[in-house]
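Novice: Letter 370 of the sequence shown, counting from 1, is numbered 392 in the working numbering, and no numbers are missing.
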Amino acid sequence: MLENSSRLTVKSFNYTKTNNELINTFQTYETNLLYRNLFNNEFQGTINGDFQLSMKILEKTIKHFQELEKQQFELKKEYLKNQEKNQKLKQFGSKLVQKNELNEQCLVNCKKKINKKERVVEQKNESERSQQIEIQKLDQVCQKLENEIHTIKKSHQGLTLALEQTEVENEKLKTQLQEQLERDKDEELKQISQHLLDLEDEIDDKAKGIEELTQVNNYLSDCSINELTQEQKEEIFGLAVENVQNELENAQEAMEHTESEMNELNQQFEKLKIYNKKLTDYHLEKINKQELFDNEISQIMFVCKEHEFEEKIAILEDKEEEINNYREQYSVLLSKNRELKIKLNQIENHQPIQKTKRVALPRAIRIKKN
Numbered sequence: 023m024l025e026n027s028s029r030l031t032v033k034s035f036n037y038t039k040t041n042n043e044l045i046n047t048f049q050t051y052e053t054n055l056l057y058r059n060l061f062n063n064e065f066q067g068t069i070n071g072d073f074q075l076s077m078k079i080l081e082k083t084i085k086h087f088q089e090l091e092k093q094q095f096e097l098k099k100e101y102l103k104n105q106e107k108n109q110k111l112k113q114f115g116s117k118l119v120q121k122n123e124l125n126e127q128c129l130v131n132c133k134k135k136i137n138k139k140e141r142v143v144e145q146k147n148e149s150e151r152s153q154q155i156e157i158q159k160l161d162q163v164c165q166k167l168e169n170e171i172h173t174i175k176k177s178h179q180g181l182t183l184a185l186e187q188t189e190v191e192n193e194k195l196k197t198q199l200q201e202q203l204e205r206d207k208d209e210e211l212k213q214i215s216q217h218l219l220d221l222e223d224e225i226d227d228k229a230k231g232i233e234e235l236t237q238v239n240n241y242l243s244d245c246s247i248n249e250l251t252q253e254q255k256e257e258i259f260g261l262a263v264e265n266v267q268n269e270l271e272n273a274q275e276a277m278e279h280t281e282s283e284m285n286e287l288n289q290q291f292e293k294l295k296i297y298n299k300k301l302t303d304y305h306l307e308k309i310n311k312q313e314l315f316d317n318e319i320s321q322i323m324f325v326c327k328e329h330e331f332e333e334k335i336a337i338l339e340d341k342e343e344e345i346n347n348y349r350e351q352y353s354v355l356l357s358k359n360r361e362l363k364i365k366l367n368q369i370e371n372h373q374p375i376q377k378t379k380r381v382a383l384p385r386a387i388r389i390k391k392n
């Protein structure tokens with residue numbers, strides 16, 4: 023555009039120079055005509071030569087002046103045409119200058135857009151790098167979760183084995199305790215039954231003694247008082263009463279002893295019942311704890327496997343979709359950047375830009391350009 027403007031300026035200057043030369047030539051012709059007229063008026067009376075020769079000279083002079091007038095008329099026409107062309111060239115030059123200014127502004131805007139696009143592309147690259155770092159962090163978190171789940175599985179297996187062993191040991195202890203309780207109960211029942219038999223024998227013996235005493239008393243009551251002295255009667259009754267009292271005291275002590283033993287046995291039996299209940303409650307508590315532990319482990323495994331991994335996989339899928347979108351946008355921006363760079367190179371090299379309206383140049387400039 024600058025080259026075309028300089029060419030038009032040179033052309034306009036040439037036209038202006040030609041017009042000035044034509045003006046000077048026309049003024050010279052007018053001066054010559056004036057001098058010719060003065061010469062003819064001054065020396066008309068003094069010419070004594072051949073009239074025909076004078077007429078010939080005059081005719082030649084007239085023809086010469088006619089030719090000069092024609093040349094002057096043609097020069098005036100050419101001068102006017104050159105002025106019109108010069109005016110058009112000035113207008114076209116001003117348009118070209120305006121267009122050059124617009125192209126320079128467009129070039130500045132294109133450079134700004136390219137810088138913006140480059141900054142956007144750099145930001146996209148930085149976001150992609152940050153997303154890659156986030157994806158790597160998520161992969162590390164997933165790996166840690168997998169390792170934790172593996173360790174939880176191992177610990178769960180160890181706990182299940184330990185619980186199975188404890189269950190077996192509890193079953194063994196329960197059977198041993200039940201056998202021991204049954205044996206203790208049988209022995210205690212045997213002891214109680216034997217003791218009751220002994221008590222029954224003692225009671226029978228006491229009853230026999232009481233019967234003997236009643237018989238003696240009856241015998242003594244049947245005997246006449248006169249047959250025994252008062253001392254003998256008192257001695258016999260004293261011995262009988264003492265014997266009966268001793269027997270009653272012995273029977274009472276035996277009954278108290280048996281009652282205390284029965285109370286002790288009842289206390290031991292209650293203690294065994296409490297121990298048995300505690301053992302059963304402990305066993306049920308172990309079973310409930312095992313069930314709760316199994317449920318917790320299953321919930322942990324379910325949450326870790328289903329929920330966490332699904333969330334992580336969904337996050338990774340979203341990140342992959344975002345990365346793909348960013349890659350597509352990046353490729354589009356790269357293609358636009360290439361196009362803008364091509365257009366910028368064309369503008370800097372004064373090459374015609376594609377898909378733009380071309381301004382029709384005047385014919386003289388097109389001929390000169392060709």
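Ideal placement from N, C-alpha and C gives every residue a C-beta, glycine not left out. All figures in this text were calculated on a predicted structure; none of them were measured in a lab.
Roughly how many angstroms separate the alpha carbons of Leu129 and Asn169, rounded to a whole number?
Specialist: Start at 1 with the first residue of the sequence shown, and residue 129 comes out as number 107. Start at 1 with the first residue of the sequence shown, and residue 169 comes out as number 147. Near 59 Å, if we compare the C-alpha coordinates of Asn169 and Leu129.
Novice: Have a look at Thr97 and Glu91 and give me their C-alpha separation to the nearest angstrom.
Specialist: Here residue 97 is taken as the residue at index 75 of the sequence shown, counted from 1. Here residue 91 is taken as the residue at index 69 of the sequence shown, counted from 1. In the sequence as presented, Thr is not what sits at residue 97; that position holds Leu. The alpha-carbon atoms of Leu97 and Glu91 are separated by roughly 9 Å.
Novice: In whole angstroms, give me the CA-to-CA distance for Ile123 and Lys103.
Specialist: Locating residue 123 in the sequence shown gives position 101, counting from the first residue. Locating residue 103 in the sequence shown gives position 81, counting from the first residue. The question names Ile, but residue 123 is Glu in the sequence shown. About 30 Å.
Novice: In whole angstroms, what is the alpha-carbon distance linking Leu160 and Lys166?
Specialist: Translated into the one-based positions of the sequence shown, residue 160 becomes position 138. Translated into the one-based positions of the sequence shown, residue 166 becomes position 144. Distance between the alpha carbons of Leu160 and Lys166 is about 10 Å.
Novice: Straight-line CA distance for Lys139 to Leu111?
Specialist: Taking the sequence shown and counting its residues from 1, one reaches residue 139 at position 117. Taking the sequence shown and counting its residues from 1, one reaches residue 111 at position 89. Rounded to the nearest angstrom, the two C-alpha atoms are 40 Å apart.
Novice: Going by beta carbon distance, what residues of the same chain come within less than 6 Å of Gln105, once the five residues before and after it are set aside?
Specialist: Counting from 1 along the sequence shown, the entry for residue 105 is found at position 83. Hits under 6 Å: none found.
Novice: When burial is assigned at 16 or more other CB atoms within 10 Å of the CB, is Leu219 buried or exposed?
Specialist: Counted from its first residue, the sequence shown places residue 219 at position 197. Its Cβ having fewer than 16 others within 10 Å, Leu219 is exposed.
Novice: By how many angstroms is the C-alpha of Phe114 removed from the C-alpha of His86?
Specialist: Numbered from its first residue, the sequence shown carries residue 86 at position 64. Numbered from its first residue, the sequence shown carries residue 114 at position 92. Distance between the alpha carbons of His86 and Phe114 is about 40 Å.
Novice: Could you say which of Lys196, Glu275, Gln289 and Lys176 lies nearest to Asp303 if we only look at CA atoms?
Specialist: Looking up residue 303 in the sequence shown gives position 281. Of the candidates Lys196, Glu275, Gln289 and Lys176, the one whose C-alpha sits nearest the C-alpha of Asp303 is Lys196.
Novice: Given a threshold of 16 other Cβ atoms within 10 Å of its Cβ, counted over all protein chains shown, does Asn70 qualify as buried or as exposed?
Specialist: Locating residue 70 in the sequence shown gives position 48, where the first residue counts as 1. Note that Asn70 scores a pLDDT of 48, beneath 50, so its modelled location is shaky; the value from the coordinates is reported in the next line. Classification for Asn70: exposed.
Novice: What separation, rounded to the nearest whole angstrom, lies between the Cα atoms of Asp200 and Lys300?
Specialist: Along the sequence shown, one-based indexing puts residue 200 at 178. Along the sequence shown, one-based indexing puts residue 300 at 278. It is Gln, not Asp, that sits at residue 200 in the sequence shown. So the alpha carbons of these two residues sit roughly 13 Å apart.
Novice: What beta strand (DSSP E) runs, 3 residues minimum, are completely inside the segment 70-130?
Specialist: Within the segment 70-130, no complete beta strand (DSSP E) run reaches 3 residues.
Novice: For Gln74, collect the residues of the same chain with a Cβ closer than 7 Å to its Cβ; drop the 5 residues on either side in sequence, then sort them by chain order.
Specialist: As a position in the sequence shown, residue 74 is number 52, starting the count at 1. Within the same chain, Gln74 has no close Cβ partners at all.
Novice: Please report how far the alpha carbon of Lys194 lies from the alpha carbon of Glu292, in whole angstroms.
Specialist: For the purposes of this step, residue 194 is identified with residue 172 of the sequence shown, where counting begins at 1. For the purposes of this step, residue 292 is identified with residue 270 of the sequence shown, where counting begins at 1. If I take the Cα positions, the gap works out to 23 Å.
Novice: State the Cα-Cα distance for the pair Lys99 and Gln88, rounded to the nearest angstrom.
Specialist: Counting from 1 along the sequence shown, the entry for residue 99 is found at position 77. Counting from 1 along the sequence shown, the entry for residue 88 is found at position 66. Roughly 16 Å separates the two Cα atoms.
Novice: Let's test the definition: count the other Cβ atoms within 10 Å of the Cβ of Leu118 and tell me whether it reaches 16, buried, or not, exposed.
Specialist: On the sequence shown, residue 118 is found 96 positions in, with the first residue counted as 1. So Leu118 counts as buried.
Novice: Nearest to Glu307 by CA position, among Gln198, Gln289, Glu286 and Glu189, is which residue?
Specialist: Taking the sequence shown and counting its residues from 1, one reaches residue 307 at position 285. Among Gln198, Gln289, Glu286 and Glu189, the Cα nearest to that of Glu307 is on Glu189.
Novice: Starting from the Cα of Glu443, find the closest Cα among Lys78, Glu81, Ile157 and Glu144 and give me that residue.
Specialist: No information on residue 443 is available, as it lies outside the stretch 23 to 392 that the chain covers here.
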